[in-house]
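Going down the list, the protein sequences come from chains R and P.
The opening residue of the first sequence carries number 1 in my numbering; numbering runs sequentially from there.
The opening residue of the second sequence carries number 1001 in my numbering; numbering runs sequentially from there.
Contents: one structure, followed by commentary.
Protein chains: 2
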Amino acid sequence: MKELCIGIDIGGTNTVIGVVDIDGNFSAENSFSTKKYKKIDAFIEALKIGIKECLDSIKTNYILKGIGIGAPNGNYYNGSIEYAPNLNWYEIIPLADILNKHFHVPVVLTNDANAAAMGEMIYGSAKGLDNFIVITLGTGLGSGLVVDGKVVYGHDGFAGEIGHTIYDPNGRLCGCGRKGCLETYASATGIKRTVIELLNNSDTKSILIDIPEDELNSKDIYEAAVKGDKIALDAFDYTAKVLGLKMADSIAYTSPEAIFLFGGLALSGDYILKPTKKYMEENLLKIYKNKVRLELSGLMGKNAAILGAAALIWKEFD
Amino acid sequence: MKELCIGIDIGGTNTVIGVVDIDGNFSAENSFSTKKYKKIDAFIEALKIGIKECLDSIKTNYILKGIGIGAPNGNYYNGSIEYAPNLNWYEIIPLADILNKHFHVPVVLTNDANAAAMGEMIYGSAKGLDNFIVITLGTGLGSGLVVDGKVVYGHDGFAGEIGHTIYDPNGRLCGCGRKGCLETYASATGIKRTVIELLNNSDTKSILIDIPEDELNSKDIYEAAVKGDKIALDAFDYTAKVLGLKMADSIAYTSPEAIFLFGGLALSGDYILKPTKKYMEENLLKIYKNKVRLELSGLMGKNAAILGAAALIWKEFD
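If you want it as structure tokens, here you go:
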């Protein structure tokens, strides 16, 4: 009989539910607004109904292997969402436990970047790899480290915050309250800050000057770079310089076989990939040179959040 | 019957052999000059004889569980010493294989810092811990990362080079040919460089000025600090500032429960420990604050290299 997993991506705006097989084919999908639920109990009811609707819509026979959940501040060890700043419920929510009691299948929960790493392993470019890193370049920089085929969770479930390693102790103010974190440079938000700095500090003409600051995004910067805009190209180069240096550091920690870039900024393709690879190699210790692949995620363009969440189940219970 | 392991520490100057039980009691010990052997074959013969002499000297009955080896550039995966710059034989030496063929017991080989991490787990302060880091502050800065109870080796056996993560891209020249590596600041050699810089760039009086540069070592700096010497105290503060910042980064990678400091500079005790802890906490992301222990190694004053090497066997085959 066909085996299926549920993948759930809980975001600040929407919650998306998907039912997928081991090859990543979707049997059902559903979504609803996360942010309209001010109380956690109401959200959980909506989630249960959403899952049930998904399952009821599947007409073939199947075995449900489990439910995987990717959520901000998701803690793998206790299956809880803990004080997520971007959700309405600033508390500890033992969601894995709640869904297990209701559906009686294994439920695994972790943060988005760790789910992305698992997704890369089951559905993406990390098939067969035991040691790799996934970097998500979105609003911030998330990271999932895989060592010996397992996601590194650390003693408290919070390992893998490469976005908050420090590039410059006197550098840019970060949302975490500290200065110079990697993600203030290398993320969709980081490259935007770089463009604004470059525009303010040079007389170089740029088509980006016409876009209001609060509307400027990494897609605009990519499109300007494609047109040869010098500010945009310089911004990619600077972002890559910082990211490349820090990827060289990352390799010195876990010596991965590959690093995969994912997220909004990674959609810029070679504009971010090529210079990052150049700077990474320049900064690598000799024993690591020319043997670590830096590539775009194999999940680009796919429903990666759902696949990553579902991958948690395939990985643990298969 | 009593179970024993052999631990071997291959250093550039001497090779030390010890036979120990699970509690760290020595049944026999032996050592000989490493550097007098210009040819690897002659060294291996001497090593075999040294081991045999050790075993022959034990008068009780015992079971030999295996041989653990800590060696510079030791690769765990293939049991080889690979192009170690501080040894006379700049080649690949499949030492684990050679000793296994001769003694017919399991032989495990890794680098010194990874052996130190295993030693900490079996004989030191990391008993019962599954996630921790050992930092050896000697001529350089070595590191052993333990995740889920296992040393992180990475895809090629060379993981855990925190000493070569970059603190300042425009900083001090490192022996590896790059600039600003952590170990150029935080190591016995690093603090010496800091003292020399401070002496050259200030008019502050210091008892360290009377020691010729090529004789100055971290023990002198420690003793000066104990006497209240401002240059020595400033050097400890600067070293701790760099090390504390980078330990905060390290925690963001693997979220360990504890970090243990070992090696010559760690003999300075609170002079290095207290300020490093202060700077580490200052630089930690909020989720990690006040929950990671920074301590001196539990192997200080013990024959840690031998215990670490022997621990490789206890850990893998028990």
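For every residue, glycine included, the Cβ atom is placed at its ideal position computed from N, Cα and C.
| Asked | Found |
| --- | --- |
| Could you compute how far the alpha carbon of G1079 of chain P sits from the alpha carbon of R293 of chain R? | 25 Å |
| Kindly indicate the opening and closing residues of the alpha helix (DSSP H) around D1273 of chain P. | The sequence shown places Leu at residue 1273 of chain P, not Asp. Start and end: 1270 to 1283. |
| For F1158 of chain P, which option in P:D1056, P:V1016, P:E1082, P:A1258 has the closest C-alpha, if you only look at C-alpha atoms? | P:E1082 |
| Does any C-beta atom of chain P lie closer than 8 Å to the C-beta of N283 of chain R? | yes |
| Write down the C-beta distance between T239 of chain R and Y185 of chain R rounded to the nearest angstrom, noting that I regard them as a contact closer than 8 Å. | 6 Å |
| Indicate whether at least one CB of chain R lies closer than 8 Å to the CB of Y1253 of chain P. | yes |
| Find the nearest neighbour of G70 of chain R within the set R:V105, R:I17, R:H102, R:K101, judged by alpha-carbon distance. | R:I17 |
| Give the single residue among R:K59, R:L208, R:N201, R:G163 whose Cα lies nearest to the Cα of L133 of chain R. | According to the sequence shown, residue 133 of chain R is Ile rather than Leu. Residue R:G163 is the option with its Cα nearest to I133 of chain R. |
| Any beta carbon of chain R sitting closer than 8 Å to that of F1158 of chain P? | yes |
| For G1177 of chain P, which residues in the same chain have their Cβ closer than 6 Å to its Cβ, ignoring the five residues on either side in sequence? | none |
| Counting only C-beta atoms, is V1020 of chain P closer than 8 Å to chain R at any point? | no |
| Run through DSSP, which three-state label would A1304 of chain P get? | helix |
| Report the neighbours of P1256 of chain P on chain R: residues whose CB is nearer than 9 Å to its CB, in chain order. | G154, H155, A159 |
| For the region 226 to 246 of chain R and the region 276 to 284 of chain R, state whether three or more C-beta atom pairs, one from each stretch, are separated by less than 8 Å. | yes |
| Quick one: grab the DSSP three-state call for N1100 of chain P. | helix |
| Count the other CB atoms, across all protein chains shown, that sit within 10 Å of the CB of A1311 of chain P; report buried if there are 16 or more and exposed otherwise. | buried |
| Quick one: which residues of the region 1141 to 1152 of chain P get their C-beta closer than 8 Å to a C-beta of chain R? List them in chain order. | L1145, V1147, D1148, K1150, V1152 |
| Going by DSSP in three states, Y1238 of chain P sits in which element: helix, strand or coil? | helix |
| Got a sec? Which residues, its chain only, sit under 6 Å from G1171 of chain P by beta carbon, not counting five neighbours each side? | K1179, G1180 |
| Compute the Euclidean distance between the alpha carbons of F1236 of chain P and G1144 of chain P, then round it to the nearest angstrom. | 23 Å |
| How about T1165 of chain P: is its C-beta nearer than 8 Å to some C-beta of chain R? | yes |
| Under 7 Å Cβ-Cβ, which residues of chain R neighbour N1303 of chain P? | Per Cβ cutoff of 7 Å: no residues; N1303 of chain P is ~29 Å from chain R at best. |
| Should G1269 of chain P go down as buried or exposed, given a rule of 16 or more other Cβ atoms within 10 Å for buried? | exposed |
| Keeping to the same chain, check which residues put their C-beta closer than 8 Å to that of I92 of chain R; ignore five residues upstream and five downstream. | S80, I81, E82, Y83 |
| Please report how far the alpha carbon of D234 of chain R lies from the alpha carbon of G190 of chain R, in whole angstroms. | 13 Å |
| Which of helix, strand or coil does DSSP assign to R193 of chain R? | helix |
| Consider the Cβ of L288 of chain R: report whether some Cβ of chain P lies at a distance smaller than 8 Å. | The residue you asked about is not Leu; residue 288 of chain R is Tyr in the sequence shown. Yes - at least one Cβ of chain P is within 8 Å of the one on Y288 of chain R. |
| Rounded C-beta distance between G12 of chain R and L87 of chain R? I'm assuming under 8 Å. | 6 Å |
| Please list, in chain order, the chain P residues whose beta carbon lies closer than 7 Å to that of L339 of chain R. | Past the boundaries of the shown model lies residue 339 of chain R; chain R is included only from 1 to 318, so the question cannot be answered. |
| Thinking C-alpha only, which one of R:A266, R:D148, R:K241 is nearest G1154 of chain P? | R:D148 |
| Under 8 Å Cβ-Cβ, which residues of chain R neighbour L1273 of chain P? | Chain R residues near L1273 of chain P: none, gap ~20 Å exceeds 8 Å. |
| Would you decide whether A1266 of chain P is buried or exposed? Buried here means 16 or more other CB atoms lie within 10 Å of its CB. | buried |
| Can you give, in chain order, each stretch of the alpha helix (DSSP H) that sits fully within the region 41 to 125 of chain R and has at least 4 residues? | 95 to 103, 112 to 122 |
| Give a yes or no on whether 8 Å exceeds the smallest Cβ distance from P1212 of chain P to chain R. | no |
| With 16 as the cutoff for other CB atoms within 10 Å, does G1228 of chain P come out buried or exposed? | exposed |
| Among R:A225, R:I272, R:V152, which one has its Cα closest to the Cα of S187 of chain R? | R:I272 |
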